[in-house]
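Reviewing the structure listed below.
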Amino acid sequence: MSACFDEMKGHDGGVRPPYDELARWLKEVPPDVLDYRRREAELLFRRIGITFAVYGEADSTERLIPFDVIPRIISGNEWRLLEKGLTQRVKALNMFIKDIYGAREILRAGVIPDDLIFRNPAFRPEMSGQSVPHDIYVHIAGIDIVRVDADTFYVLEDNARTPSGVSYMLENREIMMRLFPELFSRHRIAPVENYPDELLATLKSVAPLTAGSDPNVALLTPGVFNSAYYEHSFLADKLGVELVEGRDLLVKNEIVYMRTTQGLKRVDVIYRRIDDDFIDPLTFRPDSILGLPGLMSAYQAGNVTLANAVGTGIADDKAVYSYMPAVVKFYLDEEPILKNVPTWRCREPEHLAYVLDHLPELVVKEVHGSGGYGMLIGPTASKIAIEQFRAKLKTAPTNFIAQPTLALSTCPTCVEAGVAPRHVDLRPFVLSGSDRTRIVPGGLTRVALKEGSLVVNSSQGGGTKDTWVLDG
Amino acid sequence: MRIRISHATTYHYDMPPNGVTQLLRLTPRNHDGQYVVNWRIDLSQDCLLHQHEDAFGNITHSFTADGPFDHLAITVCGEVEMQDTHGFVKGAVERFPPALYLRETDLTLPDAAIVEFSEAARAEAGAGASALSVMHQLLANVHGEIAFDTTPTQTATTAAEAFKLKRGVCQDLTHVFIAAARQLGVPARYIGGHFYRADGVTAQDAGHAWAEVYIEDYGWIGFDPTNAICPTDAHVRIAAGLDYLGASPVRGTRYGGHGETLTVAVNVDQASQQSQSQSQS
Chain H
1 MSACFDEMKG HDGGVRPPYD ELARWLKEVP PDVLDYRRRE AELLFRRIGI TFAVYGEADS
61 TERLIPFDVI PRIISGNEWR LLEKGLTQRV KALNMFIKDI YGAREILRAG VIPDDLIFRN
121 PAFRPEMSGQ SVPHDIYVHI AGIDIVRVDA DTFYVLEDNA RTPSGVSYML ENREIMMRLF
181 PELFSRHRIA PVENYPDELL ATLKSVAPLT AGSDPNVALL TPGVFNSAYY EHSFLADKLG
241 VELVEGRDLL VKNEIVYMRT TQGLKRVDVI YRRIDDDFID PLTFRPDSIL GLPGLMSAYQ
301 AGNVTLANAV GTGIADDKAV YSYMPAVVKF YLDEEPILKN VPTWRCREPE HLAYVLDHLP
361 ELVVKEVHGS GGYGMLIGPT ASKIAIEQFR AKLKTAPTNF IAQPTLALST CPTCVEAGVA
421 PRHVDLRPFV LSGSDRTRIV PGGLTRVALK EGSLVVNSSQ GGGTKDTWVL DG
Chain U
1 MRIRISHATT YHYDMPPNGV TQLLRLTPRN HDGQYVVNWR IDLSQDCLLH QHEDAFGNIT
61 HSFTADGPFD HLAITVCGEV EMQDTHGFVK GAVERFPPAL YLRETDLTLP DAAIVEFSEA
121 ARAEAGAGAS ALSVMHQLLA NVHGEIAFDT TPTQTATTAA EAFKLKRGVC QDLTHVFIAA
181 ARQLGVPARY IGGHFYRADG VTAQDAGHAW AEVYIEDYGW IGFDPTNAIC PTDAHVRIAA
241 GLDYLGASPV RGTRYGGHGE TLTVAVNVDQ ASQQSQSQSQ S
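Chains as they are written, first to last, in the numbering used here: chain H, 1 to 472; chain U, 1 to 281.
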C-alpha cells in the first residue's frame with residue numbers, strides 16, 4: 001500500500017501546500033502533549049455522550065466512536081471543485097427520482113433497465129404519480145467521496161435515504177477548537193457551525209404551500225433504540241425543533257399534528273429519520289409501531305413535507321449507482337464532474353463472469369448494503385472467505401456489484417506508535433432547498449484506524465477526524 | 001347481469017377508543033364489462049371522507065373519526081352492471097407497465113417449494129406450451145393443491161406459509177398463484193373484489209380475491225384459483241395491488257380503547273332477480 005497518495009506528503013514525501021502549517025506544528029509539538037490532548041478529547045466525547053450503537057453485538061448498545069485529533073485538510077481550490085461536482089450530482093439525483101416516480105423517461109429511453117427499478121425493494125410503487133412539495137425529493141444527501149491522487153476524487157456511494165454522521169462533523173469541530181486553539185489561529189478554516197441554520201432554512205424552504213410564513217418543523221425519530229438516536233436528539237436540539245416519535249403525532253383530516261401541552265399544533269415539515277417501511281402502517285408494514293398511521297394520506301394530499309421524500313432509497317442502490325454518470329448526462333446534458341468508481345454489475349452475465357475470475361483483486365458489495373456490512377475485500381480476504389463469497393455470488397448475483405480495490409488516500413493519524421498514515425474517505429452533506437443548494441464546507445472524514453485497512457465505517461472500527469477546508 | 005353488493009365492516013369496542021384513522025379501498029371503477037351504476041359509503045360516525053386515487057389507480061378514502069364511540073361501522077353498497085369478458089381485463093386504469101408486477105413482496109415471496117411447484121406446472125403444460133397454457137395449468141394445480149379452509153390462515157399469512165399448510169382462503173390461494181406466476185416470469189397482481197355465487201348463497205363472511213396475469217399479445221387476464229376459473233360476470237373487481245396489503249379493503253389504526261371485535265358481512269346478489277321478486281310479491 002506504499003503506492004497510495006498521502007494527503008500531507010503526496011506521492012514523493014514532500015509536504016503539500018495545504019498541510020504546510022500542520023506539518024510544521026506536528027514537528028514542533030512534543031509527543032506527550034499530543035497524547036495528552038488525545039486523551040482529553042476522548043474524555044470530552046465521553047462527557048458529551050456522543051455514542052453510536054453497533055447492530056449485531058450483544059453487550060454494547062452504545063459505544064464511543066474513536067476520534068483522531070489530527071485534522072484532515074482540503075484546500076480552497078479542491079473544495080470548489082468538489083462543491084461543483086456535488087451540486088451537479090445531487091441535482092441529477094433529484095431529477096432522477098422525480099422522473100422514476102413520474103414520467104419514467106429514463107426508462108423509456110433505455111438508459112436504465114426497467115427491472116432494476118421496478119423490482120428493486122427500495123423503489124416505492126406507492127410514490128408513483130404522487131407529487132411532492134417543490135418537486136424536491138432528496139433534501140439531505142450524504143455523498144461518500146474517496147480520493148486516489150492529487151486530482152482524482154471518486155464518488156463511492158450516494159446516501160439519499162437518511163444519511164447520518166453530521167453530528168460528528170459538528171462535534172469534532174467544537175472539540176478541536178477547544179483543544180487546539182493555536183492551530184486554528186494559524187489557519188483560515190471555513191466554518192461548519194452554521195450547518196443547523198442551513199438545514200433549518202432548507203427544511204423551511206420546502207414546506208408545503210398550505211403552511212404559514214413560519215413553517216413548523218419536527219424531527220421524527222424511531223426512538224432510543226435506533227443506532228443514530230444520539231444524532232437525532234442532538235440535531236433537534238441544534239435546530240431548535242421538536243424531537244418526536246410516531247406516538248407524539250397524529251393525523252386528522254389529512255393534516256399532521258403534534259401533541260403539545262397547549263393542545264394540537266400543526267406540523268408542516270417532518271425531518272424523518274425513520275425508514276420508509278416503518279413510516280405509516282396503513283401504507284407500508286402494517287406491524288410498524290414506530291410510524292404515524294395516515295401520514296402517507298397527508299403527504300399525498302400535499303399537506304406535509306417529508307425530508308427526505310419516501311422512495312429516495314432507490315438512489316442508494318449500488319447497481320443504480322453504477323448508472324450515475326449516464327444519469328447526469330441524461331438529465332443535465334453535462335459530463336459528470338465527480339467520477340464514479342468503475343463498477344461491475346453481477347446481474348449481467350459477462351460482468352459476473354469477470355468478477356468470479358478476479359475475486360482476489362476486487363471489492364464486492366451488496367447492492368442494498370450499507371455501513372460496510374456484508375462486503376468482500378478481495379486483496380485482504382482469506383481463501384476461505386473468497387470461496388464462501390463466490391458461492392453467495394453464484395446463488396444471488398443480482399444482489400452484488402464489484403469494484404476495483406482503490407488505493408484510498410491517507411492522512412496522518414495518531415496511532416499507538418506515534419503519527420502514521422491511515423486511509424480516509426469524506427462524507428459531505430448536500431442540502432437541497434426550494435431556494436438553493438447549501439453545502440457546508442467539508443463534511444465528515446472517516447478514517448480506518450487499523451494499518452492498511454480500507455474500511456472506514458464506524459461499525460467496522462473506523463474513526464473520524466475534523467475536516468478543514470481552507471479559505472482562499 | 002346486474003349485481004348488488006353490500007359490504008359492512010363493523011368494529012365493537014369494550015373500551016371506546018379516542019379516535020380511529022383508516023384507509024379504505026372499497027370503491028369499484030369502470031372498465032370493459034364492469035359499469036358501476038351506483039355506489040356509496042356510509043360511516044356510523046360523523047367525519048370527512050377524503051377521496052384519492054392511489055398509485056395503482058384504486059380509489060381510496062381516508063378518514064379520521066373522533067371518539068369515544070363503542071362501535072364503528074363502515075358500510076358500502078351499490079350496484080354494478082357486469083358482462084362476461086372471459087377473464088380479459090381491458091379499459092382498466094393502468095398506472096404501471098406490466099414489468100412492475102414481477103416485483104416480489106413479503107407476502108408473495110416464493111420459497112423453494114413454490115419454485116418447484118411453479119416449475120412442475122410449466123413441465124406439466126408440456127414443452128413449448130404458451131404462457132397462457134402454463135397459467136391455466138397453474139390455476140388447476142393451485143386449486144388442486146390447496147384446500148379451501150378458513151381456519152388455519154389469517155391476513156398476514158404468506159404464500160410460502162399457506163403453501164406449506166396446503167390450506168387457506170381465497171387470499172392464500174391467490175398469493176400462491178401470484179408467487180408462482182412471477183417466478184415463471186409472468187407479471188401477476190392481486191385483485192380484491194366480490195363474487196356472485198351461482199348456488200344462491202348471497203351472505204358471505206368476506207370479499208373475494210383472485211389474480212390477474214399479463215400475457216404478451218393478450219394483456220391482463222384474470223385467474224381465480226379458488227374457483228379454478230377465469231373471472232366471469234360474477235366477479236366484481238374493486239382494487240388491484242401487488243398483494244393483499246396493496247388491495248386490502250380496510251387498513252386502520254385506533255388511538256386508545258381496547259377489546260376490539262371485528263365483524264364483516266358481505267351480501268352479493270343479482271339486482272335484477274331481487275327487483276323481479278319484489279315486483280311479483
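Heads up, the beta-carbon is just placed ideally off N, CA and C, and yes, glycines get one too.
Contact under 8 Å by Cβ, residue i with residue j
| i | j | result |
| --- | --- | --- |
| L408 (chain H) | D425 (chain H) | yes |
| I175 (chain H) | A41 (chain H) | yes |
| V241 (chain H) | V217 (chain H) | yes |
| A402 (chain H) | L362 (chain H) | yes |
| V310 (chain H) | M127 (chain H) | yes |
| T157 (chain U) | D172 (chain U) | yes |
| I146 (chain U) | D243 (chain U) | no |
| P28 (chain U) | R237 (chain U) | yes |
| P71 (chain H) | W468 (chain H) | yes |
| V176 (chain U) | A198 (chain U) | no |
| R446 (chain H) | G461 (chain H) | no |
| H368 (chain H) | D317 (chain H) | yes |
| V364 (chain H) | F400 (chain H) | yes |
| A228 (chain U) | A181 (chain U) | no |
Beta-carbon proximity list for residue i, same chain, < 7 Å, skipping 5 on both sides
| i | result |
| --- | --- |
| I255 (chain H) | R266, A298, N303 |
| V115 (chain U) | Q183 |
| D248 (chain H) | M258, R259 |
| H187 (chain H) | E21, W468, L470 |
| S277 (chain U) | Residue confidence is low: S277 (chain U) scores 45 on pLDDT, short of 50, so the model does not pin down where it sits. No coordinate-derived value is stated. |
Cβ-based neighbour list, residue i, same chain, cut-off 6 Å, excluding 5 preceding and 5 following
| i | result |
| --- | --- |
| A265 (chain U) | A8 |
| D111 (chain U) | A160 |
| D54 (chain U) | T60 |
| R147 (chain H) | F153, S409 |
| P152 (chain U) | L165, R167 |
| A271 (chain U) | R2, R4, E79 |
| S288 (chain H) | F278, P281 |
| R251 (chain U) | L23 |
| L107 (chain H) | D114 |
| S233 (chain H) | L243 |
| I117 (chain H) | I100, F123 |
Nearest residue (CA-CA) to residue i, options the options
| i | options | result |
| --- | --- | --- |
| D68 (chain H) | H:H423, H:D435, H:P208 | H:H423 |
| D268 (chain H) | H:P281, H:S205, H:I314 | H:S205 |
| P17 (chain U) | U:R254, U:S272, U:D269, U:H86 | U:R254 |
| C230 (chain U) | U:G126, U:S133, U:S118, U:L100 | U:S133 |
| A3 (chain H) | H:A160, H:T405, H:G291, H:G462 | H:T405 |
| A301 (chain H) | H:E416, H:F180, H:T210, H:V192 | H:T210 |
| I73 (chain H) | H:E105, H:P222, H:F184, H:P325 | H:F184 |
| D46 (chain U) | U:L26, U:G193, U:F69, U:E260 | U:F69 |
| S44 (chain U) | U:Y11, U:Y35, U:F223, U:E260 | U:Y11 |
| V473 (chain H) | H:E366, H:L43, H:D276 | Since the displayed chain H opens at 1 and closes at 472, residue 473 (chain H) lies outside it and no answer follows. |
Cross-chain neighbours of residue i in chain U, by beta carbon under 7 Å
| i | result |
| --- | --- |
| E254 (chain H) | H50, S62 |
| P133 (chain H) | The contacting residues do not exist; P133 (chain H) stays about 16 Å from chain U at best. |
Contact set for residue i: own chain, Cβ-Cβ below 8 Å, skip 5 residues either direction
| i | result |
| --- | --- |
| V29 (chain H) | none |
| P163 (chain H) | I140, A141, G142, R427, F429 |
| A113 (chain U) | A160, F163, K164 |
| N38 (chain U) | G78, E79 |
Chain-ordered chain U contacts of residue i [CB-CB under 8 Å]
| i | result |
| --- | --- |
| D275 (chain H) | None at all; the shortest Cβ gap to chain U is about 15 Å. |
| A301 (chain H) | H50, H52 |
| P286 (chain H) | A156, L245, R251 |
Chain H contact residues for residue i, given Cβ-Cβ distances below 8 Å
| i | result |
| --- | --- |
| Y255 (chain U) | L250 |
| G252 (chain U) | L282, P293 |
| A55 (chain U) | P125, E126, M127, S128, G129, Q130 |
| L262 (chain U) | Here the premise fails: no neighbours, minimum Cβ distance about 14 Å. |
Partner residues on chain H for residue i, Cβ-Cβ distance less than 9 Å
| i | result |
| --- | --- |
| L102 (chain U) | D115, F118, R119 |
Check: residue i C-beta below 7 Å from any heavy atom of the ligand GDP
| i | result |
| --- | --- |
| A140 (chain U) | With respect to small molecules bound, the structure shown includes none, and the ligand GDP cannot be examined in it. |
Beta-carbon neighbours of residue i, restricted to chain U and to distances below 9 Å
| i | result |
| --- | --- |
| S297 (chain H) | T21, L23, H50, H52, T60, S62 |
Given a limit of 7 Å on CB to CB distance, which residues of the segment 17-28 of chain U reach chain H?
Answer set for the segment 17-28 of chain U: T21, L23.
By the 9 Å beta-carbon criterion, what residues does the segment 71-101 of chain U contribute toward chain H?
Under the 9 Å Cβ criterion, the segment 71-101 of chain U contributes R95, F96, P97, A99, L100, Y101.
Mind checking the segment 29-43 of chain U against chain H and listing, in chain order, the residues whose C-beta falls within less than 8 Å of any C-beta there?
For the segment 29-43 of chain U, which is checked against every Cβ of chain H, not one residue is closer than 8 Å.
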